[in-house]
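In terms of the numbering used here, the sequence shown opens at residue 1 and continues consecutively.
Here a beta-carbon is modelled for each residue, glycine too, at the ideal position from N, C-alpha and C.
What follows is one structure encoded as C-alpha coordinates, with my remarks underneath.
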Amino acid sequence: MVNVTVWNEYRHEKSDEEVRKVYPEGIHGQIASFLEASSFNVRTATLDEPEHGLTEEVLANTDVLVWWGHIAHKEVSDEIVERVHKKVLEGMGLVVLHSGHMSKIFMKLMGTSCDLKWREAEEKERLWVVNPSHPIVEGLGEYIELEKEEMYGEHFDIPIPDELIFISWFEGGNVFRSGCTYRRGNGKIFYFQPGHETYPTYYHEDIQKVIINGVKWCQPTTYRYPKYGHSEALEKIQPKGEC
1 MVNVTVWNEY RHEKSDEEVR KVYPEGIHGQ IASFLEASSF NVRTATLDEP
51 EHGLTEEVLA NTDVLVWWGH IAHKEVSDEI VERVHKKVLE GMGLVVLHSG
101 HMSKIFMKLM GTSCDLKWRE AEEKERLWVV NPSHPIVEGL GEYIELEKEE
151 MYGEHFDIPI PDELIFISWF EGGNVFRSGC TYRRGNGKIF YFQPGHETYP
201 TYYHEDIQKV IINGVKWCQP TTYRYPKYGH SEALEKIQPK GEC
(Lines of atoms letter the chains of each structure in order from A and count residues from 1; the text may use other names and numbers.)
(Lines give C-alpha, C1' and ligand atoms only; values in the text may rest on other atoms or scores of the structure.)
Protein backbone atom coordinates (compact mmCIF):
# COMPACT_ATOMS: atom_id res chain seq x y z
CA MET A 1 0.00 0.00 0.00
CA VAL A 2 1.26 3.48 -0.88
CA ASN A 3 1.87 5.72 2.15
CA VAL A 4 0.78 9.31 1.49
CA THR A 5 1.28 12.38 3.69
CA VAL A 6 -0.94 15.37 2.88
CA TRP A 7 0.67 18.61 4.10
CA ASN A 8 -1.25 21.87 4.44
CA GLU A 9 -0.52 25.20 6.11
CA TYR A 10 -3.99 25.05 7.68
CA ARG A 11 -4.08 28.81 8.16
CA HIS A 12 -6.87 30.03 5.86
CA GLU A 13 -9.36 27.59 7.40
CA LYS A 14 -8.67 28.94 10.90
CA SER A 15 -8.89 32.64 10.05
CA ASP A 16 -11.34 32.91 7.13
CA GLU A 17 -14.97 31.88 7.59
CA GLU A 18 -15.52 31.67 3.82
CA VAL A 19 -12.72 29.09 3.51
CA ARG A 20 -13.93 27.22 6.59
CA LYS A 21 -17.37 26.83 5.03
CA VAL A 22 -15.87 25.28 1.91
CA TYR A 23 -13.38 23.06 3.77
CA PRO A 24 -14.68 22.48 7.31
CA GLU A 25 -12.13 19.68 7.86
CA GLY A 26 -9.35 21.69 6.25
CA ILE A 27 -8.05 21.42 2.71
CA HIS A 28 -5.78 18.61 3.89
CA GLY A 29 -8.79 16.81 5.36
CA GLN A 30 -10.70 16.92 2.09
CA ILE A 31 -7.72 15.73 0.04
CA ALA A 32 -6.99 12.98 2.55
CA SER A 33 -10.62 11.79 2.40
CA PHE A 34 -10.65 10.99 -1.32
CA LEU A 35 -7.14 9.54 -1.24
CA GLU A 36 -8.18 7.22 1.59
CA ALA A 37 -11.23 6.21 -0.45
CA SER A 38 -8.79 5.17 -3.19
CA SER A 39 -7.05 2.73 -0.82
CA PHE A 40 -3.97 4.81 -0.03
CA ASN A 41 -2.63 4.79 3.52
CA VAL A 42 -2.97 8.50 4.36
CA ARG A 43 -1.82 10.77 7.17
CA THR A 44 -1.93 14.56 7.38
CA ALA A 45 0.56 17.15 8.63
CA THR A 46 0.24 20.90 9.14
CA LEU A 47 2.51 23.90 9.58
CA ASP A 48 1.94 24.52 13.30
CA GLU A 49 2.71 20.98 14.40
CA PRO A 50 6.20 20.30 15.82
CA GLU A 51 8.63 20.13 12.88
CA HIS A 52 5.61 21.05 10.72
CA GLY A 53 4.45 17.46 11.13
CA LEU A 54 7.29 16.33 8.86
CA THR A 55 9.55 14.54 11.30
CA GLU A 56 12.26 12.13 10.21
CA GLU A 57 9.97 9.27 11.19
CA VAL A 58 7.01 10.61 9.20
CA LEU A 59 9.08 11.16 6.06
CA ALA A 60 10.75 7.76 6.42
CA ASN A 61 7.26 6.28 6.15
CA THR A 62 6.05 8.53 3.31
CA ASP A 63 6.08 7.33 -0.30
CA VAL A 64 4.39 10.45 -1.69
CA LEU A 65 4.08 13.89 -0.09
CA VAL A 66 1.18 16.13 -1.22
CA TRP A 67 1.87 19.84 -0.54
CA TRP A 68 -0.63 22.74 -0.28
CA GLY A 69 0.61 26.15 0.81
CA HIS A 70 -0.22 29.80 0.20
CA ILE A 71 0.18 32.51 2.84
CA ALA A 72 2.92 31.12 5.06
CA HIS A 73 5.64 29.85 2.73
CA LYS A 74 8.29 31.86 4.59
CA GLU A 75 7.35 30.24 7.90
CA VAL A 76 8.43 26.81 6.74
CA SER A 77 11.75 25.97 8.39
CA ASP A 78 14.77 25.71 6.11
CA GLU A 79 15.77 22.60 8.07
CA ILE A 80 12.51 20.89 7.11
CA VAL A 81 12.89 22.01 3.50
CA GLU A 82 16.34 20.39 3.41
CA ARG A 83 14.88 17.23 4.94
CA VAL A 84 12.11 17.01 2.33
CA HIS A 85 14.53 17.88 -0.49
CA LYS A 86 16.83 15.02 0.52
CA LYS A 87 13.90 12.60 0.61
CA VAL A 88 12.76 13.63 -2.87
CA LEU A 89 16.24 13.09 -4.28
CA GLU A 90 16.26 9.66 -2.63
CA GLY A 91 12.98 8.73 -4.31
CA MET A 92 9.99 10.12 -2.40
CA GLY A 93 7.29 11.45 -4.73
CA LEU A 94 6.02 15.04 -4.42
CA VAL A 95 2.66 16.40 -5.61
CA VAL A 96 2.59 20.21 -5.40
CA LEU A 97 -0.83 21.85 -5.55
CA HIS A 98 -1.99 25.37 -6.46
CA SER A 99 0.02 28.08 -4.63
CA GLY A 100 2.59 25.51 -3.62
CA HIS A 101 4.47 26.74 -6.70
CA MET A 102 5.93 29.41 -4.39
CA SER A 103 6.80 27.02 -1.58
CA LYS A 104 10.43 26.84 -0.53
CA ILE A 105 10.64 23.17 -1.44
CA PHE A 106 9.27 23.59 -4.98
CA MET A 107 11.45 26.62 -5.67
CA LYS A 108 14.52 24.76 -4.40
CA LEU A 109 13.77 21.77 -6.62
CA MET A 110 13.09 23.97 -9.66
CA GLY A 111 15.95 26.45 -9.19
CA THR A 112 13.87 29.37 -10.55
CA SER A 113 11.59 32.07 -9.11
CA CYS A 114 8.44 30.03 -10.01
CA ASP A 115 6.55 33.34 -10.31
CA LEU A 116 3.50 33.89 -12.52
CA LYS A 117 0.55 36.17 -13.24
CA TRP A 118 -2.64 35.79 -11.16
CA ARG A 119 -6.12 37.26 -10.81
CA GLU A 120 -9.06 36.46 -8.51
CA ALA A 121 -12.18 37.00 -10.63
CA GLU A 122 -14.11 33.71 -10.35
CA GLU A 123 -13.27 32.84 -13.95
CA LYS A 124 -14.17 29.67 -15.78
CA GLU A 125 -11.11 27.46 -16.29
CA ARG A 126 -10.77 24.77 -18.93
CA LEU A 127 -7.84 22.41 -18.43
CA TRP A 128 -6.95 20.79 -21.75
CA VAL A 129 -5.25 17.39 -21.73
CA VAL A 130 -2.18 17.74 -23.96
CA ASN A 131 -0.58 14.38 -23.13
CA PRO A 132 -3.48 11.94 -23.49
CA SER A 133 -1.41 8.75 -23.11
CA HIS A 134 0.05 9.81 -19.74
CA PRO A 135 -1.06 7.80 -16.64
CA ILE A 136 -1.96 11.01 -14.79
CA VAL A 137 -4.90 11.64 -17.19
CA GLU A 138 -6.23 8.09 -17.17
CA GLY A 139 -10.04 8.11 -17.04
CA LEU A 140 -10.42 11.73 -18.17
CA GLY A 141 -11.98 13.22 -21.28
CA GLU A 142 -10.31 15.84 -23.48
CA TYR A 143 -10.57 18.55 -20.82
CA ILE A 144 -11.73 19.41 -17.32
CA GLU A 145 -13.98 22.43 -16.90
CA LEU A 146 -14.23 24.35 -13.62
CA GLU A 147 -16.99 26.89 -13.12
CA LYS A 148 -14.68 29.24 -11.25
CA GLU A 149 -11.02 29.31 -10.27
CA GLU A 150 -8.25 31.78 -9.53
CA MET A 151 -6.48 32.69 -12.75
CA TYR A 152 -2.84 31.69 -13.05
CA GLY A 153 -1.22 32.96 -16.25
CA GLU A 154 1.97 32.84 -18.27
CA HIS A 155 4.75 33.49 -18.09
CA PHE A 156 5.23 30.82 -15.40
CA ASP A 157 8.92 30.95 -14.42
CA ILE A 158 9.66 27.23 -14.16
CA PRO A 159 12.16 25.04 -16.02
CA ILE A 160 10.82 23.43 -19.18
CA PRO A 161 8.77 20.49 -17.82
CA ASP A 162 9.91 16.95 -18.43
CA GLU A 163 6.28 16.33 -19.44
CA LEU A 164 3.48 18.82 -19.99
CA ILE A 165 0.16 17.24 -19.01
CA PHE A 166 -2.36 20.13 -18.97
CA ILE A 167 -2.66 23.60 -20.50
CA SER A 168 -5.39 25.79 -19.03
CA TRP A 169 -7.48 28.48 -20.65
CA PHE A 170 -9.20 31.10 -18.48
CA GLU A 171 -12.28 33.14 -19.25
CA GLY A 172 -10.27 36.37 -19.19
CA GLY A 173 -8.04 35.12 -22.01
CA ASN A 174 -4.93 33.88 -20.17
CA VAL A 175 -3.39 30.45 -20.64
CA PHE A 176 -1.22 28.48 -18.21
CA ARG A 177 0.86 25.30 -18.03
CA SER A 178 -1.31 23.84 -15.29
CA GLY A 179 0.03 20.28 -15.07
CA CYS A 180 3.76 19.55 -15.25
CA THR A 181 6.04 16.69 -14.25
CA TYR A 182 9.71 16.66 -13.31
CA ARG A 183 12.32 14.20 -12.09
CA ARG A 184 14.88 15.25 -9.52
CA GLY A 185 17.35 12.59 -8.41
CA ASN A 186 15.31 9.43 -7.89
CA GLY A 187 12.13 11.39 -7.10
CA LYS A 188 9.18 12.30 -9.32
CA ILE A 189 7.32 15.61 -8.99
CA PHE A 190 3.88 16.59 -10.27
CA TYR A 191 2.69 20.21 -10.15
CA PHE A 192 -1.08 20.73 -10.54
CA GLN A 193 -2.55 24.24 -10.50
CA PRO A 194 -6.28 24.20 -9.54
CA GLY A 195 -7.28 24.52 -5.88
CA HIS A 196 -7.90 28.09 -4.68
CA GLU A 197 -8.99 27.98 -1.05
CA THR A 198 -12.38 29.71 -1.48
CA TYR A 199 -13.57 27.44 -4.29
CA PRO A 200 -14.78 23.82 -3.94
CA THR A 201 -12.22 22.55 -6.46
CA TYR A 202 -11.13 19.53 -4.43
CA TYR A 203 -14.70 18.17 -4.45
CA HIS A 204 -14.65 17.96 -8.27
CA GLU A 205 -14.51 14.32 -9.38
CA ASP A 206 -12.04 14.88 -12.22
CA ILE A 207 -9.71 17.00 -10.08
CA GLN A 208 -9.71 14.22 -7.50
CA LYS A 209 -8.97 11.70 -10.25
CA VAL A 210 -5.95 13.70 -11.40
CA ILE A 211 -4.51 13.94 -7.88
CA ILE A 212 -5.10 10.23 -7.28
CA ASN A 213 -3.39 9.41 -10.59
CA GLY A 214 -0.61 11.85 -9.76
CA VAL A 215 0.08 10.13 -6.45
CA LYS A 216 0.20 6.76 -8.20
CA TRP A 217 2.60 8.12 -10.82
CA CYS A 218 4.86 9.75 -8.20
CA GLN A 219 5.23 6.70 -5.97
CA PRO A 220 8.80 5.46 -5.69
CA THR A 221 10.17 2.64 -7.79
CA THR A 222 12.07 -0.24 -6.23
CA TYR A 223 15.36 1.06 -7.64
CA ARG A 224 17.86 1.62 -4.84
CA TYR A 225 19.37 5.06 -4.30
CA PRO A 226 22.91 5.11 -5.76
CA LYS A 227 25.98 5.22 -3.53
CA TYR A 228 28.12 8.25 -4.33
CA GLY A 229 31.75 9.04 -3.55
CA HIS A 230 34.82 6.81 -3.80
CA SER A 231 34.27 3.63 -5.79
CA GLU A 232 36.43 0.50 -5.83
CA ALA A 233 37.35 -0.90 -9.26
CA LEU A 234 35.33 -3.89 -10.43
CA GLU A 235 38.22 -5.15 -12.57
CA LYS A 236 41.93 -5.38 -11.88
CA ILE A 237 43.62 -2.21 -13.09
CA GLN A 238 46.96 -2.73 -14.75
CA PRO A 239 49.49 -0.08 -13.68
CA LYS A 240 50.50 2.27 -16.46
CA GLY A 241 53.78 1.36 -18.16
CA GLU A 242 53.44 -2.37 -17.50
CA CYS A 243 52.92 -4.89 -20.30
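Residue(s) in a DSSP beta bridge with residue i
i	result
G195	G195 pairs with nothing; no bridge assigned.
V215	For V215, which the question treats as bridged, DSSP gives no partner whatsoever.
E163	T181
Own chain, CB closer than 8 Å to residue i, minus 5 neighbours either side, in chain order
i	result
T221	G91 and N186
S113	M107 and D157
Cα-Cα separation between residue i and residue j, rounded to whole angstroms
i	j	result
G195	P161	20 Å
I189	Q238	44 Å
L140	F192	15 Å
E258	I167	Past the boundaries of the shown model lies residue 258; the chain is included only from 1 to 243, so the question cannot be answered.
I158	K104	14 Å
V64	L234	35 Å
E51	G241	58 Å
E125	K148	6 Å
Y202	R20	14 Å
V249	I136	Since the first residue shown for the chain is 1 and the last is 243, residue 249 is missing from the structure and cannot be characterised.
I27	S15	13 Å
K87	T55	12 Å
M102	E232	42 Å
Nonlocal neighbours in the same chain, by C-beta distance under 7 Å from residue i, ignoring five residues either side
i	result
G100	W67, W68, G69 and F106
H134	E163 and I165
Whole-Å CB distance - residue i paired with residue j, under 8 Å assumed
i	j	result
L127	Y143	6 Å
I71	H12	7 Å
G172	R119	7 Å
T46	E9	7 Å
Limits of the unbroken beta strand (DSSP E) element including residue i
i	result
L146	Y143 to G153
A329	Outside the shown range of the chain (1 to 243) lies residue 329, about which nothing can therefore be said.
L65	V64 to W68
Limits of the unbroken alpha helix (DSSP H) element including residue i
i	result
A121	A121 -> not in any alpha helix (DSSP H); beta strand (DSSP E) instead, spanning K117 to V129.
G244	Because the chain is modelled from 1 through 243, residue 244 falls outside the range shown and cannot be assessed.
G26	G26 to E36
Chain-order list of residues whose beta-carbon lies under 6 Å from that of residue i (same chain, five-residue window excluded)
i	result
N174	M151 and G153
F40	V2 and V4
V276	Lying before the first or after the last residue shown, residue 276 is absent from the chain, which here runs from 1 to 243.
E138	N213
L94	L65, V88 and I189
S246	Only positions 1 to 243 of the chain appear in this structure, which leaves residue 246 out of reach.
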